[in-house]
Amino acid sequence: QEQVSNTTWPTSTTLRAWLPDGLTLSDEAELVLADVVADATDAILERIDLDKLPTDPLDCPRTIARAIVLEAARLLSRRDSANGVIASGEYTIRTTTNDADIARLLKPWGLDAEP
């Protein structure tokens with residue numbers, strides 16, 4: 091495994107700092123930020139080979155941390171699209187379950203194909 095830049099595991103503070111300036115969340119949404127980050131972390135860890143993680147459990151590879159934040163932001167945005175559809179004026183958009191940026195960030199950490 092090549093040398094990677096490590097950081098700490100994302101928290102609700104990390105997610106809040108990454109969200110757009112001026113974004114107003116309801117009190118209920120603010121309260122669940124930690125849960126959203128925990129859920130996103132679980133979802134990302136299910137997609138990678140845990141044996142490739144750093145030996146120090148406090149270290150989080152930068153790319154995995156970014157993928158967690160992106161996944162958490164995606165999950166948080168679902169409050170406006172509980173059934174997976176976002177409507178804005180005349181446009182309707184169906185959300186996807188696969189994010190190309192997250193997949194790219196996780197590629198080095200993926201599970202190796204079985205022989």
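Start counting the sequence shown at 91; every next residue gets the next number (the working numbering). Every residue, glycine too, gets a C-beta built ideally from N, C-alpha and C.
At which residues does the alpha helix (DSSP H) containing residue i begin and terminate?
i, result
"T104", "102 to 108"
"T153", "152 to 167"
Suppose you measure from the CA of residue i to the CA of residue j; what does that come to, to the nearest Å?
i, j, result
"T101", "L201", "25 Å"
"P147", "E180", "47 Å"
"Q91", "I192", "With a pLDDT of 47 at Q91, under the threshold of 50, the modelled position of this residue cannot be trusted, and the question is left open."
"V159", "W199", "16 Å"
"S95", "A157", "14 Å"
"L143", "E136", "13 Å"
"L123", "A107", "12 Å"
"P110", "I134", "22 Å"
For residue i, which three-state DSSP category applies?
i, result
"D189", "coil"
"P147", "coil"
"T98", "strand"
With a 10 Å radius around its C-beta and 16 neighbouring C-beta atoms as the bar for buried, classify residue i as buried or exposed.
i, result
"L140", "exposed"
"L195", "buried"
"L121", "exposed"
"A119", "exposed"
"L113", "exposed"
Quiz item: How about the stretch 152 to 168 and the stretch 125 to 133: do they share at least three Cβ pairs that are nearer than 8 Å?
Solution: Three or more beta-carbon pairs separated by less than 8 Å link the stretch 152 to 168 to the stretch 125 to 133, which places the two stretches in contact.
Touch check for the stretch 148 to 156 and the stretch 98 to 112: three-plus C-beta pairs under 8 Å? Yes, the stretch 148 to 156 is in contact with the stretch 98 to 112.
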